[in-house]
Amino acid sequence: MVGTLAACGSSDSGQGSGDSKTVTLVSHDSWAASKDVIAAFEKQSGYKVDVLKDGDAGQAVNKAILTKGNPQGDVFFGVDNTLLSRALDNGLFQPYEAKGADRIKAEYRVDQDKHRVTPVDTGDICVNYDKKYFADHKIQPPKSFDDLVKPAYKNLLVTENASASSPGLGFLLGTAAQYGDDGWESYWKKLKANGVKVVDGWEQAYNEEFSGSAGGKKAKGDRPLVVSYASSPPAEVVFADPKPSTAPTGVAEGTCFRQVEYAGLLSNAKNPTGGKAFLDFLLTQRFQEDMPMNMFVYPVREGAQVPTEFVKYGPQAKDPETMDPAKIADHRDQWVKSWTSLVLK
Amino acid sequence: MAVPVAFFAVFFAYPVAAIVARGLKTDGTWHLGRIGEVLAQSDVRHVLWFTTWQAFVSTALTLLVALPGAYVFARFDFPGKQVLRAVVTVPFVLPTVVVGTAFLALVGRGGLLDELWGVRLDTTVWAILLAHVFFNYAVVVRTVGGLWAQLDPRQEEAARMLGASPLRAWRQVTLPALAPAVAAAALMVFLFTFTSFGVVQILGGPTFSTLEVEIYRQTSEIFDLSTAAVLTMIQFVAVGAILAVHAWTVRRRETALRLMDASATARRPRGAGQWALLGGVLVTVAVLLVLPLAVLVQRSLGPPGFGYYRALTREDGGVFLVPPIEAIGNSLSYAVAATLIAVLIGALAAVALTRRDAGRFVRGFDALLMLPLGVSAVTVGFGFLISLDEPPLDLRSSWILVPLAQALVGVPFVVRTMLPVLRAVDVRLREAASVLGASPWRVWREVDLPMVRRALLIAAGFAFAVSLGEFGATVFIARPDRPTLPVAVARLLGRPGDLNYGQAMALSTILMVVCAVALLVLERLRTDRTGEF
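Protein chains in written order, with our numbering: chain A, 1 to 345; chain B, 1001 to 1533.
Spelled out as structure tokens, the structure:
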């Protein structure tokens, strides 16, 4: 025990002190990368990478904003399109155009004149369904937002609190994109009448209420529809032992909202040169192809290969809903407020 | 005294003040008008109302369910009593993320109640209330039962001999002696349920919100720091009031009672009534406390050959940079460091508080030491982040931050365990030793230490268990390559897939066993039961 403590102390020396040999990444809990990929970057660039994971995505962004005068690191990864404006308005980042930015697929590029953020990955928030339930009951799984309000799917869907959870917010934004400023409220009235259940976080929705996930099966979840990610079905296969031949869950393709995650060089970073090198690294083919199996997201770089599990069990939606971050910024708080009083009260 | 005061000033008051100031002060001007604005919102008033009434009802329900338990643990002797006493204390130190999940299995769909009678309580306020009983059962059993066990039963018997009815004898002899302990326990339960966070978030769904939950939402999700600051201040005032009343009841309890060794008062139950009472309490404990814990164990046993446990030793490259099993070592070493800090600070404070010449200021400090129990972890976490970031206090990226935050919640337990024992040391012994020329240090070593050694060990055990289970502040500051057990569990639960879920349950079970063992060791050491926990 004493040995572990001593180790705690010693390996911290230099961390956060801003020496030029270390580059510190601040991110949320979902950050993950293969060891050899990071090691290759360390060897090639000469920097040691230190990672600070700071709670969920919203929390991490807020903490970064609070500490922007004396940031905890050099690069921040993990602000998505729903929170981007909060980060930019608060001056969290300084401009830098990463090498390889020209290889990013056009639809993911934002802030083109200033280059304060670099898109790194993308993923879809979609309704997942329990294949076994729909086979047993001989009904077709839903395909679109419109399907979800049909009587066949009464009392089947569980979603997350839009004010507390990012998939919950994504689903709300998806409906707002689909039905417009005037239509989304009446859609939610119908959804509520059709028995949608709202819980606070993804963990409860997915691991407790949903009947199709491994956790939900053990917890005797009884809702065969849940708002989760397009990459959840492949995860159900990858994290199973033994691995099943097909994913137990599927994705309702017409219910997807596209999330894009960005990274940026923190204002007042102590090692800006190292930070820039790290941003370049995030866009390299090697990192982009390593990312999917670690964070269950899709690459943004043109030509980056996605793993076969993704192609097989969780293809990206063909035509997801999207929304301009500026529009999200203008409406987010008001929408969440109206949604809360409409659905929760 | 100087050391504990400095400790709390630097690691509690300063960070909390810093984050409150961040919310209410812009460009050097205070915006105290925000207080009125926030209070005027109907949502906020609704939260205040819910926070208060659910705390009242939770406390009443806990007393109702746990007082018979306190009696049984105090007065009856039965096999397995020590183990059971440790088991009922486990929920108190387990992180709510874990327990909330298990508790759903009891009162949620497909749970025991559902299967027996088709009753489901998830997302109703009943689930919250029952979970509060689950968490706080031990507070009543330990506080009230501890004193009850030492009350001389002959006093009540004497009253009976003199012709009093059993009820009257109990009401006039036992109840007055117990009342202050009951009041103290009730106030502690009220404090814990008033500031309830995980239980309300997980079991209440998005419709119920306590002040603590609302502070978390405003800070962490909506990022409205000024509202969060006002709510923090409201909670601060409320908690301060609760603690002031608590300190008053504690002082009243220190009136002289005829106490005797607990082992002399407990005996085998006699007669059908007493056996029925014991049976009833055991059934309650089994259904309400043991069953949710058993569900966790059952879910951790997935694939044959302890597959989830074996998976913990593998590096998955995903959730952590290290195999999840290392969280056990991290948790243990953090908890050891936190225990050392808590015992040092708590013991110094307790010694200072027992000094004869301690004035009103020092006695007031007694209640202040309890404040960290009632201040939201997110406030402390954010406070640490923005206030401990510059030399000479640049601790933001240091490992010591985690044990420091955990020690904050450990100190109150140390103080509460040590105070009664220290106060019981006869002052004349100390005076005699000084007169004979012993240095203060030697007086302490020769007179106090032998008497308080046991209390010190118990205090350390409690601080250790509380540190192991601390989640709210730790999750804010734990480094990713050194997650603690509760942090690792929460992160594993945050990912889909069988292995992640199974590993979360396996780690929860390990945490539970470690806590139970720590508490069982504590039980063995425990002979004096005047302490409050």
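Cβ atoms here follow ideal geometry from the backbone N, Cα and C, with glycine treated the same way.
C-beta atoms of V1003/B and I1400/B nearer than 8 angstroms: Position 3 of the second sequence, counting from 1, holds the residue named residue 1003/B. Position 400 of the second sequence, counting from 1, holds the residue named residue 1400/B. No, Cβ-Cβ distance for V1003/B and I1400/B is not below 8 angstroms.
Beta-carbon neighbours of Q72/A, restricted to chain B and to distances below 9 angstroms: To locate residue 72/A, count along the first sequence from 1; it is residue 72. Within chain B, the residues near Q72/A are L1385, D1389, R1396, S1397.
For D1389/B and N70/A, what's the separation of their Cα atoms in angstroms? Stepping through the second sequence from its first residue, residue 1389/B is reached at position 389. Stepping through the first sequence from its first residue, residue 70/A is reached at position 70. Using only the alpha carbons, I get a separation of about 8 angstroms.
Under the DSSP definition of a beta bridge, which residues are partnered with C357/A? Nothing about residue 357/A can be read from this structure; chain A reaches only from 1 to 345.
Mind checking T246/A: buried by the 16 CB within 10 Å criterion, or exposed? Taking the first residue of the first sequence as position 1, residue 246/A is located at position 246. The residue is exposed, with fewer than 16 neighbouring Cβ atoms inside 10 Å.
Taking P1303/B as the query, report the chain A residues whose CB atoms sit under 7 angstroms from its CB, ordered along the chain. Locating residue 1303/B in the second sequence gives position 303, counting from the first residue. Here the neighbours are D241.
Just to confirm the assignment, what range does the alpha helix (DSSP H) spanning E1214/B have? Mapped onto the second sequence, residue 1214/B falls at position 214. Start and end: 1211 to 1216.
Quick one: measure Cβ to Cβ for C1515/B and V1090/B, integer angstroms, because I've assumed they're closer than 8 angstroms. One-based indexing of the second sequence puts residue 1515/B at position 515. One-based indexing of the second sequence puts residue 1090/B at position 90. Taking the Cβ atoms as the reference, C1515/B lies roughly 5 angstroms from V1090/B, within the contact range of under 8 angstroms.
Rounded straight-line distance, which links the Cα of K318/A to that of Q140/A: Looking up residue 140/A in the first sequence gives position 140. Looking up residue 318/A in the first sequence gives position 318. Distance between the alpha carbons of Q140/A and K318/A is about 20 angstroms.
Every unbroken alpha helix (DSSP H) within the region 156 to 213 of chain A, with a cutoff of 4 residues, ordered by chain: Within the region 156 to 213 of chain A, the alpha helix (DSSP H) runs of at least 4 residues that lie entirely inside it are, in chain order, 166 to 193.
Span of the alpha helix (DSSP H), counted from its first residue to its last, around G1461/B: Position 461 of the second sequence holds residue 1461/B. Per DSSP, G1461/B is one residue of the alpha helix (DSSP H) stretching across 1449 to 1469.
What is the C-beta distance between L1385/B and L66/A, in whole angstroms, given that I count them as a contact (C-beta under 8 angstroms)? The residue you call residue 1385/B lines up with position 385 of the second sequence. The residue you call residue 66/A lines up with position 66 of the first sequence. Contact check for L1385/B and L66/A: beta-carbon distance about 6 angstroms, within the 8 angstroms limit, so the pair qualifies.
Within-8 angstroms CB hit, E42/A to chain B: Within the first sequence, the letter at position 42 stands for residue 42/A. No, because no Cβ of chain B sits closer than 8 angstroms to the Cβ of E42/A.
Expressed to the nearest angstrom, what Euclidean distance is found between the alpha-carbon atoms of A1276/B and F1192/B? Along the second sequence, one-based indexing puts residue 1276/B at 276. Along the second sequence, one-based indexing puts residue 1192/B at 192. If you draw a straight line from the Cα of A1276/B to the Cα of F1192/B, it comes to about 31 angstroms.
Cutoff 6 angstroms; reference W202/A; Cβ partners in own chain excluding five residues on either side: On the first sequence, residue 202/A is found 202 positions in, with the first residue counted as 1. Sequence-distant partners of W202/A (beyond 5 residues in either direction) whose C-beta falls short of 6 angstroms from its own C-beta, in its chain, are E160, S165, P167.
Using the DSSP secondary-structure output, state which residues sit across from L25/A in a beta bridge. Position 25 of the first sequence, counted from the first residue, corresponds to residue 25/A. L25/A is bridged to V51/A, V75/A.
Note down, in chain order, all residues in the region 79 to 97 of chain A with a beta-carbon under 8 angstroms from any beta-carbon belonging to chain E. Absence of chain E from the displayed structure is noted, the protein chains being A and B.
Member of G1069/B, A1272/B, L1225/B whose CA lies at the smallest distance from the CA of H1031/B: In the second sequence, the residue the question calls residue 1031/B occupies position 31. The option with the nearest alpha carbon to H1031/B is L1225/B.
Interface partners of Q1201/B on chain A, CB under 8 angstroms: What you label residue 1201/B is simply residue 201 of the second sequence in a count that begins at 1. Within chain A, the residues near Q1201/B are D200, G201.
Who are the neighbours of Y47/A on chain B, taking C-beta pairs under 7 angstroms? Position 47 of the first sequence, counting from 1, holds the residue named residue 47/A. By Cβ distance, chain B contributes nothing, its closest Cβ being about 17 angstroms from Y47/A, past 7 angstroms.
Measuring CB to CB, does L1525/B end up less than 8 angstroms from R1454/B? The count along the second sequence starts at 1 and reaches residue 1525/B at position 525. The count along the second sequence starts at 1 and reaches residue 1454/B at position 454. For L1525/B and R1454/B, yes; Cβs fall inside 8 angstroms.
Quick check on the DSSP output: what are the complete beta strand (DSSP E) runs of length 3 or more inside the region 252 to 317 of chain A, in order along the chain? Whole beta strand (DSSP E) segments, 3+ residues: 257 to 266.
8 angstroms Cβ cutoff met for K114/A and P95/A: Residue numbering aside, residue 114/A sits at position 114 when the first sequence is read from its first letter. Residue numbering aside, residue 95/A sits at position 95 when the first sequence is read from its first letter. A contact, by the Cβ cut-off of 8 angstroms.
Could you tell me which residues DSSP pairs with K43/A in its beta bridges? If you number the first sequence from 1, residue 43/A lands on position 43. Per DSSP, none; premise fails for K43/A.
Residue closest to P234/A, alpha-carbon to alpha-carbon, out of P142/A, M293/A, K154/A, R301/A: Residue mapping note: residue 234/A aligns to position 234 of the first sequence, counting from 1. Ranked by how close their Cα comes to the Cα of P234/A, the residues P142/A, M293/A, K154/A, R301/A have M293/A in first place.
In terms of alpha-carbon separation, which member of D29/A, V336/A, D130/A, S338/A lies closest to G212/A? Translated into positions along the first sequence, residue 212/A becomes position 212. If we check each option's Cα against that of G212/A, D130/A comes out closest.
Select from F41/A, R223/A, K312/A, V26/A the residue whose C-alpha is nearest the C-alpha of N62/A. Within the first sequence, residue 62/A is the residue found at index 62, counting from 1. Ranking the options by Cα distance to N62/A, first place goes to V26/A.
Check whether A98/A and T122/A have beta carbons under 8 angstroms apart: Residue 98/A sits at position 98 when you count from the first residue of the first sequence. Residue 122/A sits at position 122 when you count from the first residue of the first sequence. It is not a contact, given that the beta carbons lie outside the stated cut-off.
So which residues of chain A does F1382/B contact, with C-beta pairs closer than 9 angstroms? Walking along the second sequence from the start, residue 1382/B turns up at place 382. Residues of chain A whose Cβ lies closer than 9 angstroms to the Cβ of F1382/B are, in chain order, N62, K63, L66.
Report the partner residues of S144/A according to the DSSP bridge assignment. Locating residue 144/A in the first sequence gives position 144, counting from the first residue. G254/A, per the DSSP bridge assignment.
Q1082/B, enclosing alpha helix (DSSP H) - first and last residue: The sequence position of residue 1082/B within the second sequence is 82, counting from 1. Residues 1081 to 1093.
Please work out which residues of its chain come closer than 7 angstroms, Cβ to Cβ, to V343/A, disregarding the five sequence neighbours upstream and downstream, and give them in chain order. The sequence position of residue 343/A within the first sequence is 343, counting from 1. Listed in chain order, the non-local C-beta contacts of V343/A below 7 angstroms within the same chain comprise W188, K192, V198, local neighbours out to five positions each way being set aside.
Scan the region 1211 to 1222 of chain B for residues whose Cβ lies nearer than 8 angstroms to a Cβ of chain A and list them as they occur along the chain. Of all residues in the region 1211 to 1222 of chain B, only R1217, T1219, S1220, E1221, I1222 come within less than 8 angstroms of chain A when Cβ atoms are compared, listed by chain position.
Compute the beta-carbon to beta-carbon distance between V1452/B and M1418/B, rounded to the nearest angstrom, for a pair I have assumed lies under 8 angstroms. The count along the second sequence starts at 1 and reaches residue 1452/B at position 452. The count along the second sequence starts at 1 and reaches residue 1418/B at position 418. Right, the Cβ-Cβ distance comes to about 6 angstroms (below 8 angstroms), so this counts as a contact.
Using the C-alpha atoms, what's the distance from F1223/B back to R86/A? If you number the first sequence from 1, residue 86/A lands on position 86. If you number the second sequence from 1, residue 1223/B lands on position 223. Cα to Cα, the separation comes out at about 10 angstroms.
Compare the C-beta of R1034/B with all C-beta atoms of chain A and state if any pair is closer than 8 angstroms. On the second sequence, position 34 is the one that residue 1034/B refers to. Closer than 8 angstroms: no.
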